[in-house]
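Those protein sequences? They're chains A and B, same order as listed. Residue numbers for the first sequence, in numbering that gives the first Met the number 0: 0 to 153. Residue numbers for the second sequence, in numbering that gives the first Met the number 0: 0 to 153. The beta-carbon is built from N, C-alpha and C at its ideal position, and this holds for glycine as well. Model, not experiment: these values are computed from the prediction.
Protein chains: 2
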Amino acid sequence: MRTKNIIDEFTEACREKGLSVTQQRLAVYQELSATESHPTAEEVYEKLKTQYPTLSLATVYKTLDTFEKNGFISKTRATGESARFDANRMPHHHLICRVCGKIEDLYDRALSQLALPDSVGSEFHVEEYQIDFRGLCRKCKKINDENHVKEEKV
Amino acid sequence: MRTKNIIDEFTEACREKGLSVTQQRLAVYQELSATESHPTAEEVYEKLKTQYPTLSLATVYKTLDTFEKNGFISKTRATGESARFDANRMPHHHLICRVCGKIEDLYDRALSQLALPDSVGSEFHVEEYQIDFRGLCRKCKKINDENHVKEEKV
DNA sequence: TGAAATATGATAATAATTATCATATAATAA
DNA sequence: TTATTATATGATAATTATTATCATATTTCA
């Protein structure tokens, strides 16, 4: 029943976004929903290929990319783009658009003085932290809204 | 004078960490300190190669890696490792060790209910956010502390 | 200064990701 | 349901970022 719900919700979410619902997408989404590890594309592929022998790694990559762009999943440590470096040790945060990938800096005193949870304790020695806000930049939001309207009209 | 300070501070920091102070490291560090963009390794290299014609891209990579491992700079979007994906939409944060790269999840109610700054306003539509705490895991901290003691003895 | 340690440059190798394109599947209209 | 159209897939080639290698050069420190 849990599985059923995930499938239904996923199917509905795909419809809303105008995405075809395919075996491969269902499989990848289910697999990712069933684990707490943060698997790589390769790992997802390895996990599924026994059950779906014709599945391609390229499809897994494309599927994950589609999911991420549609907000179904999140991508930790985006690759494919180059790593970016910063010598600015002033605490600052990032506004990252999930569609165009643009990164903007955000300075905010309150956000830079967060109290760290006690639970971290001696398990981890925190030196700094950074908040990544993910969503849509003004430009991509506009495009997104327009598409949504268009879909509702049809 | 500003430049002078940066050089002095950098040199001192290298000494503390037992790193050789080289032309290349100075150049890369100065370049990164002088910009607010978050350049890629390639971009740093392109910027410097006129002034330092013998500089190698491989050196820039190695230098940036060394800086990051020593906490001089930060690396946004770590690559070299695979991207990792997560279908868990429950707000959670990350504890990332800057030495061994291990990522652990952190759940904390307070950290997941942060008020967003007004300044963001209509410029960006935030859908979610994630805090990356960077520092040393227990194991790497131990090794780090031991090395420090050793260096002070010498 | 001179020996030992460390870093660099050139380049090869690797690993992750993306592009291409013919085929297959899904969505939609009749 | 079936035909048509749009979209996704699989196989594989190509690309891109990054790391490894190793001989040479530079730093460090006694």
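Where does residue i sit, in a helix, a strand or coil, going by DSSP?
{"i": "Gly17 (chain A)", "result": "coil"}
{"i": "Gln112 (chain B)", "result": "helix"}
{"i": "Gln50 (chain B)", "result": "coil"}
{"i": "Thr39 (chain A)", "result": "coil"}
{"i": "Asp7 (chain A)", "result": "helix"}
{"i": "Asp107 (chain A)", "result": "coil"}
For residue i and residue j, what's the separation of their Cα atoms in angstroms?
{"i": "Asp64 (chain B)", "j": "Thr62 (chain A)", "result": "31 angstroms"}
{"i": "Ile5 (chain A)", "j": "Ser19 (chain A)", "result": "16 angstroms"}
{"i": "Pro38 (chain A)", "j": "Glu30 (chain A)", "result": "10 angstroms"}
{"i": "Arg137 (chain B)", "j": "Phe123 (chain A)", "result": "6 angstroms"}
{"i": "Tyr51 (chain B)", "j": "Ala40 (chain B)", "result": "15 angstroms"}
{"i": "Tyr28 (chain B)", "j": "Lys74 (chain B)", "result": "13 angstroms"}
{"i": "Ala57 (chain B)", "j": "Lys16 (chain B)", "result": "22 angstroms"}
{"i": "Lys141 (chain A)", "j": "Ser121 (chain B)", "result": "11 angstroms"}
{"i": "Asp117 (chain B)", "j": "Tyr106 (chain A)", "result": "12 angstroms"}
{"i": "Val119 (chain A)", "j": "Thr34 (chain B)", "result": "34 angstroms"}
{"i": "Gly70 (chain B)", "j": "Gln129 (chain A)", "result": "14 angstroms"}
{"i": "Gln22 (chain B)", "j": "Val59 (chain B)", "result": "12 angstroms"}
{"i": "Glu103 (chain A)", "j": "Glu8 (chain B)", "result": "28 angstroms"}
{"i": "Gln112 (chain B)", "j": "Glu127 (chain B)", "result": "10 angstroms"}
{"i": "Tyr44 (chain B)", "j": "Leu25 (chain B)", "result": "13 angstroms"}
{"i": "Leu54 (chain B)", "j": "Ala12 (chain B)", "result": "22 angstroms"}
Which residues does DSSP pair with residue i in a beta bridge?
{"i": "Gln129 (chain A)", "result": "B:Asp131"}
{"i": "Phe123 (chain A)", "result": "B:Cys136"}
I need the boundaries of the alpha helix (DSSP H) containing residue i, first residue and last residue.
{"i": "Thr58 (chain A)", "result": "Leu56 to Lys68"}
{"i": "Ser32 (chain B)", "result": "Gln22 to Ser32"}
Tell me which residues share the same chain as residue i and place their Cβ nearer than 6 angstroms to its Cβ, disregarding the 5 neighbours each side in the sequence.
{"i": "Asn87 (chain A)", "result": "Only weak support exists for where Asn87 (chain A) lies, its pLDDT of 47 falling under 50; the coordinates are left without a value."}
{"i": "Thr10 (chain A)", "result": "Val20"}
{"i": "Leu94 (chain A)", "result": "Glu103, Leu105 and Phe132"}
Does the beta-carbon of residue i, which I'm using as the reference point, lie nearer than 7 angstroms to any heavy atom of the ligand FAD?
{"i": "Gly120 (chain B)", "result": "Looking at this structure, you won't find the ligand FAD or any other ligand, since it has none at all."}
I'd like the list of long-range same chain contacts for residue i, defined as Cβ closer than 8 angstroms, with 5 residues on each side in sequence excluded.
{"i": "His91 (chain A)", "result": "Asp104, Leu105, Tyr106, Ser111 and Gln129"}
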